[in-house]
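Chains as they are written, first to last, in the working numbering: chain A, -13 to 673; chain B, -13 to 673.
For each residue, glycine too, the CB sits at the ideal point set by N, CA and C.
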């Protein structure tokens, strides 16, 4: 059996394992009972709203995908036309993963509420299982898509190193572009949706009508709960699907570009696939480790899962490197193993740093709590200070990881480090997606008027979910940074640039221009939230005005219209930033040339990563400062300090849930588009 | 007469012209009457406070300068040891310019108040003359310092092209480092001082004691007025002194590095000097054009001055290029003329764009005013959105200027464009420094209880001053960007790097690391304001507590102690960020190498410029949104919207007056330090 076929078998195994797990556990979820009628009805609205959003999103997405596919088929020559096929496959796989994740998440929320009647242990089990299905669907479908495309490549083109390098990999980079396109819609559109619904629900419901949060009389409350799923399940999933696929394909391209024998280069190109497949198994074992015993905290159970999976993944990495790469070529298998561990450690460190700057009761967050006592202005200034400071050490970690992994195994080592960070994505995403399920479960308990002890259980789950969400965001940014650097390196490889002189004036201006793009993008994203929220506010006011019976519960609010409005404005508002992200690299590539494009990619990555960390962590820190005050710190709930904290939290919301995460997409999308058009640019500029 | 000697004569003439003007006009200022006794007494406090700050600053600066000079003398070899002399000269020249500017500004403020009794025309004349002395002192002393050093170089070393390239210019780059060190203290320290005093005066005086702004019973009010001078006169002056000197020396280095005959290279190296000397004359003519006639606005008078000067400068540039460069070497004189015009146009465009995003009654500021109606959170979000958006077009202008000037005349063209932007610095600084004089004059009118019609005149002057301040900030950032790119190019020239491959892992990590530094620096600067303001608040509270007679005017507050406290904490708090800015390039240069340092410089510039524009413009826009509401827009003064606007303005203050401007210093300082240590790095790394 050739290495190629061996790799295909392994990734088929990995993807079937993941998809099989998802199927079995999804059936289990659907078997869990939901007895309470109100709970059933309301969770039905959320589930329906989530599907409405997805369907509307797909309706916009399909023509977009069709258009790009047509472009790829027409603008390319020869076999490269099949990029169009890879592209459609990538978009479909990511869309399917999002669909499954959302369906299961919106089925798990009510079941978590139900299970919470029996205490923390069963509730965590349902919520985390729901999340784990999302995690496994993402990695399973990513692997499965790659398996299909590589198998087709092998069958129709053969599996020589030259064909792999010149045709298969450039064609398959379309898969990554498909995933990115989907991520653009899910992450940017989802980010706008969730905050528009949130702000709309809060401003009219809480402030104007004076009803509590998550009250079922609020027409926007369902949209708010749908938003949690849209942003944190579908958005986060598509974002990391993109990182996962991008780093696998990028490292395959870098592997085949290493100097050495054909056999060795092929092995290096296939190793990322095998490593990722092994990571699926490690993630599954990690998921199995998440069991909370009575009296132990949910956080420690989740930690055991993620850190356990990482340890097992390290072991697998060593074994695979030993058997697959030992004695071949110039890069020692130990170096490659080290590179993967560097990535894992870097990912964990970023998580720990994020927790330090945003977690409840940490020094920086306490500082914000103290600043709340002197009003909104100091709250904002201090929070921004914390956010800016919080970017420093993660960047030090990322640069150290790049330098170290490059030191042990060259550019390929950097790619392996990125893969190492993403190897156990299955369990990390499970932890991430658990958050919104727990959050929804709490909202449902409130709306369905469950007794307070149920709400206490869901609150505990939710508190853990907030921390995991912040860590997940840090992780998503870190992996986006590494992924885009790898994609960028792969771009340089594909476009045929030998040297890009930093001092070239096009490169410098490219970097400067790239550096401002994240600001433009963030500004548009925040503006979009404002516009979409405004539409939502108008609608909620209209319903309260035209249906006066809503407040005394003689009329039911029209939840659907609110979901519709949030959906429509999210999709409308994401259009312009989306177009900018897609068109900029093409324009710069053809008008300014590949060197200017290289500068732009580095500029957008460096500036975007830092800005994204700043935004995500400021937002997270403000959120938890508010929570601390609500839980009795400083002057407590309802005080002036609390009002200031609410201002901080409101500013932080579009930071951490819209603009910040959108930047991950911007930097990866620009890099992958560049990689996909690299052969055209090479041809156009005669490189 | 050799070209070298001719250039020396011309710059001697330019500097004497500027210094002579300053002397004559300063005598005129001191002859203006100040009759009111309270006015005399209070302005005496301000003037004394400003001197206290400067003296204390120099006390910290002198050991710092001594230490760096010692380092330069010991770490260098051969003639390069004389960098220490250039360094001390640069620091002294900038310090002297700051001293003169502050002295004159604090003498002009009370005289402006007095003159305002006679209406707008005489008041503008006094205020603008005060500012113009600052402007002319800066360019005059910069030129004079260069004249002295170049003359010494010519006498002791001779004036061949080789000696110029290998010894004189590297030695003289120490002059630029001296200016940068001074700028670090004046801009960062000054930025912390001014906002600490401002916040302290506002929070205790206005909020706690309930006395109006600029009330003489407030112990911190003098410190607040001193702060305007410290930040906007001394700080802005030192910042632009640095840009001016940096871009002259940088373009001399790039000029001598152009391929061509020795004579041509020498001409290119000398041309920046001649051009700048001609710019002084143009600026003087521009200053002469600033005359307001009864019934015309002050703004149009100032505009006539700056645009008039730019037109004349363009004419001079053409004439000089024609006579000095026509027919020599490969770069045509027309190209060089065009490059200078590109710089002038870019500078003006940045000003216009800044005005668009921050000016009263502009669309973006009106949007913020509207957002104020829905509370502090939307005010902040909208303002940040405006600030982020506002960075985009200035960056487009800067990149276009770089590309165009490079297209016409290569890297040297980029340098000439930067010089073109700064050529009429004399009048631009005059307009900038006029702002705080007018602001102070208003404060003095209030504190000395002048009739309202006097206050109306000073208010009109002040309103114009706010716009010019915002434009000045945009201009300072734009020139900082171009200057640091030139210094960076000169660094590459000096360190002997042929090619810096963007794809090198050290370069990439350097860029990433560089990109996070502005965030670290801003975070520290904002934190420093918080700490210093806290010390000030404590002091004001203490005075009100221990001297209960202050409020009923039976006791006089201790203004001096407030100035002392603001001074002490400003100097203490700037220490750590200052050390980081100074030490980082040295550490990276010696540990990571010149390539990593190149990446860091580009990263810090790209990320820093964008962040600085964002911060400066958000702050400016919030400031004017508040002003609009106070002048009757939206719900007017005292309303909820006004309260939200005050929050925005308070957040914006450290943005636009501390963190944002400090970034100009950070990026230039890191570039100039790299340039100065370039010969050592070359030696150390064996390049």
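query                                                                                                                                        : result
Which of helix, strand or coil DSSP assigns to residue 210 of chain A                                                                        : helix
Spatial distance of residue 502 of chain A from residue 593 of chain A (CA atoms)                                                            : 8 Å
Endpoints, the alpha helix (DSSP H) within which residue 623 of chain A is located                                                           : Note, residue 623 of chain A: premise wrong, no alpha helix (DSSP H); not H, not E.
Neighbourhood of residue 102 of chain A by C-beta distance below 6 Å, restricted to the same chain and skipping five residues each side      : 109, 440, 443, 444
Any chain B beta carbon closer than 8 Å to residue 603 of chain A                                                                            : no
CB contact below 8 Å: residue 398 of chain B versus chain A                                                                                  : no
Whole runs of the beta strand (DSSP E) within the region 205 to 251 of chain A, excluding any shorter than 3 residues                        : none
Within chain B, partners of residue 505 of chain A - CB distance below 8 Å                                                                   : 374, 375, 377, 378, 596, 600
Euclidean distance between Cα positions of residue 153 of chain A and residue 245 of chain A                                                 : 18 Å
contact_flag[the region 57 to 67 of chain A, the region 113 to 123 of chain A] where n(CB pairs < 8 Å) is 3 or more                          : no
Touching by the beta-carbon criterion (3+ pairs, under 8 Å), the region 521 to 536 of chain A and the region 597 to 617 of chain A           : no
Within chain A, partners of residue 513 of chain B - CB distance below 7 Å                                                                   : 371
Euclidean distance between Cα positions of residue 329 of chain A and residue 461 of chain A                                                 : 11 Å
Sequence-distant residues of its chain with Cβ nearer than 6 Å to residue 259 of chain A (five each side left out)                           : -7, -3
The region 212 to 228 of chain B / the region 87 to 94 of chain B touching (three or more Cβ pairs under 8 Å)                                : yes
Pairwise C-alpha distance: residue 367 of chain B and residue 77 of chain B                                                                  : 41 Å
Complete runs of the alpha helix (DSSP H) confined to the region 464 to 543 of chain A [at least 4 residues]                                 : 491 to 532
Within-8 Å CB hit, residue 482 of chain B to chain A                                                                                         : no
Closer than 8 Å at the beta carbon, the chain B residues around residue 392 of chain A                                                       : 491
Proximity to residue 50 of chain A [Cα-Cα], best of A:200, A:351, A:187, A:70                                                                : A:70
Residue 568 of chain B: contacting residues in chain A (beta-carbon distance under 9 Å)                                                      : In chain order: nothing, as chain A lies at least about 17 Å away.
Whole-Å CB distance - residue 95 of chain B paired with residue 427 of chain B, under 8 Å assumed                                            : 5 Å
Proximal residues, the region 343 to 362 of chain A versus chain B, C-beta separation under 7 Å                                              : 362
Whether residue 230 of chain A touches residue 411 of chain A by CB criterion (8 Å)                                                          : yes
Residue 580 of chain A at chain B interface by Cβ criterion, 8 Å                                                                             : no
Beta-carbon contacts of residue 408 of chain B that lie in its chain and below 7 Å, excluding the five residues immediately before and after : 229, 230, 233, 465
Minimum C-alpha distance to residue 651 of chain A - residue among A:32, A:318, A:214, A:507                                                 : A:507
Contacting residues, own chain, Cβ-Cβ under 6 Å from residue 459 of chain A (five flanking each side not counted)                            : 602
Any 3 or more C-beta pairs closer than 8 Å across the region 198 to 206 of chain A and the region 543 to 551 of chain A                      : yes
CB contact flag (residue 514 of chain A, residue 559 of chain A, <8 Å)                                                                       : yes
Chain B contact for residue 486 of chain A (CB, 8 Å cutoff)                                                                                  : yes
Contact with chain A by residue 389 of chain B, beta-carbon distance below 8 Å                                                               : yes
Start and end residues, alpha helix (DSSP H) containing residue 323 of chain B                                                               : 319 to 344
Proximity winner among A:83, A:539, A:301, relative to residue 415 of chain A (alpha-carbon distances)                                       : A:83
Chain B within 8 Å of residue 501 of chain A, Cβ atoms only                                                                                  : yes
Other residues of its chain near residue 325 of chain A: CB distance less than 6 Å, five sequence neighbours each side excluded              : 391, 394, 395, 399, 402, 403
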